[in-house]
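Worksheet: one structure, shown below.
In my numbering, the protein residues as written are 49 to 382.
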């Protein structure tokens, strides 16, 4: 079975309000890429992935006039995918939803939000002292994680959590000091969200529930200059340093072990002032110990680093056109 996570840059701009694909020469949300080019590239990538389920980060918007599930299922039909059913959880107001596209012949999937004493439902609020002033702050998710109960056709049941954690840019800052103050406050909020998510993970692990956490955590060891202020990244918090069994992702483990040298990357961004690309490890599939014991195989579909992608020019080009992130997949016997 193949499970994957994929952050698709501004997928929402590829659909009209009826959920119909805008397969035309209008500009997409990607700089210099038409909607038709991005749609064609996505079709190629998804077809090559041929996954049983794909956690889509930055899925099309769900609102009064738009429907995430309708749009994703329209894309699956257009692309001829066996992963043709979609499910989502709590909508947000960013026009970037979290949703799962899956094959109903191999998986049964139910949106199953959880609640616990240490971790409220993800559409609620979480109380935590962010700045160590003995007063609790209230934290909410701008993009509530998607909690799913999944069962394979053979009867194996497990949970999936799709997540997109993001520290907001310092909007409104006019001076360097304001940039620093707002950036640090936003990073605190992101780490609080990671603590909230880890509390849910710990509850599943205590109950011996097979679990996967998939998505874009937009954080990692050494990613920015504020990390040393907090001692650990959101990735480390979610993996687990709380005494409970840790989650495992080999790419995260490799990055955490290295202060110098190459690490895996899942995203590639153009840095305009420096006229170069920045690569980063942002996308993960973390698994519980019982799933890690099943000898899963991870793969980053990086067009420049993965020999299988590089050897197929159509796929290589499609991966570059489709998004600024690349899919991460997990092959596992369930």
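Ideal Cβ placement from N, Cα and C applies to all residues, glycine included. As the structure is a prediction and not an experimental result, all values here were calculated from the model.
Apart from the 5 residues on each side of it in sequence, residue 84 sits with its Cβ closer than 8 angstroms to the Cβ of 71, 72 and 73 in its chain, given in chain order. The beta carbons of residue 333 and residue 377 sit closer together than 9 angstroms. Contact check for residue 213 and residue 238: beta-carbon distance about 6 angstroms, within the 8 angstroms limit, so the pair qualifies. In this structure, DSSP gives residue 55 an extended state, which the three-state scheme calls strand.
Residues 73, 74, 75 and 76 of the same chain have their beta carbon placed closer than 7 angstroms to that of residue 82, with the five preceding and five following residues left out of the count.
For the beta strand (DSSP E) assignment, the uninterrupted runs of no fewer than 3 residues enclosed by the segment 95 to 145 are, from N- to C-terminal side, 101 to 107 and 133 to 136.
Spanning the alpha carbons of residue 190 and residue 329 requires a straight line of approximately 22 angstroms. Between the C-alpha atoms of residue 352 and residue 166 there is a straight-line separation of about 42 angstroms. Rounded to the nearest angstrom, the Cβ distance from residue 151 to residue 131 is 5 angstroms, consistent with a contact under 8 angstroms. In the DSSP assignment, the residues bridged to residue 377 are 52 and 347. Note on geometry: alpha-carbon atoms of residue 196 and residue 325 lie some 35 angstroms from one another. Taking all protein chains shown into account, residue 320 has fewer than 16 neighbouring C-beta atoms within 10 Å of its C-beta and is therefore exposed. The criterion of a C-beta distance shorter than 9 angstroms is not satisfied by residue 176 and residue 193. The shortest CA-to-CA distance from residue 54 to any of 207, 310, 301 and 315 is the one to 315. Distance from the Cα of residue 134 is smallest, within the candidate group 264, 293, 116 and 141, for 116. Comparing alpha-carbon positions, the option among 382, 171, 337 and 211 lying closest to residue 147 turns out to be 211.
Of the residues assessed, residue 100 falls on the buried side of the cut-off, its CB having 16 or more other CB atoms within 10 angstroms.
Going by C-alpha positions, residue 371 is about 15 angstroms away from residue 102.
Its Cα nearest to that of residue 49, the residue 345 stands out among 345, 235 and 350. If you draw a straight line from the Cα of residue 86 to the Cα of residue 369, it is about 6 angstroms long. CA-CA distance, residue 138 to residue 171, rounds to 7 angstroms. Annotated three-state conformation of residue 311 is coil, per DSSP. Within a 10 Å sphere around the beta-carbon of residue 244 sit 16 or more other beta-carbons, which makes this residue buried.
Straight across, the Cα-Cα distance linking residue 79 with residue 105 is about 19 angstroms. Shown here for residue 174: same chain residues with a beta carbon closer than 7 angstroms to its own, the five before and five after excluded, namely 168, 187, 240 and 244 in chain order. Residue burial annotation: residue 183 is exposed, with fewer than 16 other C-beta atoms found within 10 angstroms of its C-beta. In terms of CA proximity to residue 252, 292 leads the group 141, 362 and 292.
Per DSSP, the unbroken alpha helix (DSSP H) holding residue 302 starts and ends at 298 to 305.
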